[in-house]
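First up is the structure itself, then whatever we jot down about it.
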Amino acid sequence: MTTEKHDTLILASSSPRRRELLQALGIPFTVMTSDVDETTAPGLSPAQVVEELSLRKAREVAARLTEGVVLGSDTIVVLDGHILGKPADEADASRMLSMLQGREHTVYSGVALIDAATGRSEVAHSYTDVKIRPLSEAEIKSYIATKEPMDKAGSYAIQGIGATIVEGITGDYFTVVGLPLCLTSKLLARFGMPIL
């Protein structure tokens, strides 16, 4: 299936978490931040939203290059069919955490790869169910005071202090962090960049 071996991978993300996860795979890469409009058409499923945004991010960076494979990714938190993005402020973070506490929600992460030389692209997604334990108002305030929720979809980080509020997950942990590594490695292999 693979016709050529690539050696240049470009991560189209400024996320330090995605950078750390990609480093864990031991594959060399560079970072080029994508700057795209993240609004999507109404009526798209969560899976369609993360796939479209991942592809949009990868395309924006690939358009600036003549070679290399660009990786774009996007993560959203979904509760009762509603997408919870990054909080606008502390009150918004409090609102989201109050909605999530004591309940299960689903995190979707999309991954898109584009070969800048040929324009060939592949996109996929994974999802994981996350159960947040019941939280008191004081605990929510205390968590927000750490500032950790402020740049995270759904207002929590499973890989940080937020781990203390996650009761359990069903699915891939790395999907929740923001880059599903199993899915990413499968896609990379299709572009001549096998991890194993």
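Numbering of the sequence shown is given in our numbering, commencing with residue 254 and proceeding in unit increments. Each residue gets a CB set at the ideal place from its N, CA and C atoms; glycine is no exception. Bear in mind that the values here come from a model prediction, so they are computed numbers and not experimental data.
Take Arg-270, set aside five residues on each side of it, and the residues of its chain with a beta-carbon closer than 7 Å to its own are Gln-412, Val-430 and Gly-431, in chain order. The Cβ-Cβ distance between Leu-449 and Leu-366 does not fall below 8 Å. With a threshold of 16 other beta carbon atoms within 10 Å, Asp-382 falls short and is exposed. In the structure shown, Glu-420 falls within a strand segment according to DSSP collapsed to helix, strand and coil. Non-local C-beta neighbours of Ser-267 in its own chain, meaning closer than 8 Å and more than five positions away in sequence, comprise Val-284 and Thr-286, ordered along the chain.
DSSP assignment within the stretch 338-407 yields the following whole alpha helix (DSSP H) runs of 4 residues or more, N-terminal first: 343-353 and 390-398. In the structure shown, Thr-283 adopts extended strand secondary structure according to DSSP, grouped into three states.
When rounded, the separation of the alpha-carbon atoms in Asp-327 and Lys-339 is 12 Å.
The stretch 351-360 makes no contact with the stretch 315-322, as fewer than three CB pairs between them are under 8 Å. Residues Leu-262, Ile-263, Leu-264 and Leu-275 of the same chain have their beta carbon placed closer than 7 Å to that of Phe-282, with the five preceding and five following residues left out of the count. An exposed status is given to Ser-395, since fewer than 16 other beta-carbon atoms sit within 10 Å of its beta-carbon. The C-beta separation of Ile-385 from Arg-356 comes to about 6 Å, placing the pair in contact by the 8 Å criterion. Going by C-alpha positions, Gly-334 is about 13 Å away from Gln-301.
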